[in-house]
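Numbering follows the working numbering, in which position 80 of the sequence shown is assigned residue number 80; successive positions increment by one, without gaps. Some notes on the structure that comes next.
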Amino acid sequence: MFGLNAKATVGPADTARLARRAEELGYRSWWVGDHVVLPSPRVPDSPMEPTDPILDPLVHLSYVAALTERIELGTGILILPQRNPVVLAKQVASLDVLSGGRVLLGVAPGYLEPEMAAVGVRLSERGGRTDEYLDAMRQLWTEPAPEFHGRYANFDHVDAHPRPVRPDGPRIVIGGHSPAAYRRAVAKGHGWIGAGPSPEALATHLDGLRKAAAEVPRPARLGRLEINFVQIDPVEVEADAALRYAELGVDRLLVYPLPLEDPAEVDAFLERHASLPH
């Protein structure tokens, strides 16, 4: 399930009901998006109106973690350059410990210049910050003496506990549809996450990932690259499409009830898609 930290479903009662129901219906994972601020007035690239509510992803997932027992908790994606990596490493490790190791940390560089400017980050720096921050956080999660010296992050003689549940840190999922995103997924991610309207759209992204795999080395510790995909426009996923996604190697097919505004309609959406082949 994707996207229920925004718009009509942000309230505590709706969140509690929908999260518990998703777990009861057998959904494997619960994913949320991220925007700290939105351009006002809205710009063409913005996915939401500036007055549309969207909860902080880690705060929302902490609430969902306390209401559930098994469902994985994913950010799809968190805009990494907008965060302090040392603070974020602590927040993610804390959520991972309290959820029993259920965190899937999806990240991407972001793309909205007004949002970046509001938090003091240059759009031109977003890729470099993303790469550095991933490496810096891994130091804090996995090394006995964490140390990192880069252009955007710099620390030594510090430590942070508790560590995440997995010895290698939480599973990292890289988002994006560009050649740079594909290379980052191969080199730094346990998985990749993308979005599109159909299995055919996914096939194009898989071609990009295969090309990236021939260009950059993949550390053995990351294992096989997991594929996560959000079907959007149309939001309804038919059974034959679900089977095609499975044939293409999708590990997690994310369903997204956009633009449903009525929580009751989201309930019905959950029920309909719980019966998809999986």
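For every residue, glycine included, the Cβ atom is placed at its ideal position computed from N, Cα and C.
Which of helix, strand or coil DSSP assigns to residue i
i: leucine 98; result: helix
i: threonine 204; result: helix
i: valine 64; result: helix
i: glutamate 296; result: The displayed coordinates of the chain run from 1 to 278. Any statement about residue 296 would go beyond what the structure contains.
i: glycine 191; result: strand
i: methionine 137; result: helix
i: arginine 21; result: helix
i: glutamate 298; result: In the structure as shown, the chain begins at 1 and stops at 278. Residue 298 is therefore absent and cannot be evaluated.
i: valine 87; result: helix
i: glycine 127; result: helix
Cα-Cα separation, residue i to residue j
i: proline 257; j: aspartate 131; result: 31 Å
i: glutamate 238; j: leucine 276; result: 8 Å
i: arginine 272; j: leucine 134; result: 37 Å
i: aspartate 251; j: isoleucine 227; result: 5 Å
i: isoleucine 77; j: valine 107; result: 5 Å
i: proline 164; j: tryptophan 141; result: 6 Å
i: aspartate 45; j: leucine 38; result: 11 Å
i: leucine 253; j: glutamine 231; result: 8 Å
i: glycine 11; j: arginine 21; result: 15 Å
i: methionine 48; j: arginine 138; result: 32 Å
i: valine 43; j: serine 178; result: 21 Å
i: alanine 319; j: serine 40; result: With the chain covering only 1 through 278, there is no way to say anything about residue 319.
i: valine 36; j: aspartate 56; result: 7 Å
i: alanine 153; j: alanine 264; result: 45 Å
i: valine 97; j: tryptophan 31; result: 18 Å
DSSP bridge partner residues for residue i (one or two, in chain order)
i: isoleucine 54; result: Ala6
i: glutamate 147; result: For glutamate 147, which the question treats as bridged, DSSP gives no partner whatsoever.
i: threonine 75; result: Val32
i: leucine 105; result: Ile172
i: glutamine 231; result: Gly196, Val255
i: phenylalanine 155; result: Phe148
Contact check, residue i vs residue j, beta carbons under 7 Å
i: valine 103; j: leucine 58; result: no
i: isoleucine 174; j: alanine 160; result: no
i: isoleucine 54; j: leucine 105; result: no
i: phenylalanine 229; j: glycine 191; result: no
i: leucine 4; j: leucine 18; result: yes
i: arginine 122; j: proline 81; result: no
Within-7 Å CB hit, residue i to chain B
i: glutamate 271; result: Here chain B cannot be found, since the structure has a single protein chain.
Okay, do the stretch 201-212 and the stretch 105-125 touch, 3+ Cβ pairs below 8 Å being the bar?
no
Examine the Cβ distances between the stretch 233-250 and the stretch 193-209 and report whether three or more of them are shorter than 8 Å.
yes
Would you call the stretch 137-146 and the stretch 57-70 touching, i.e. three or more CB-CB distances under 8 Å?
no
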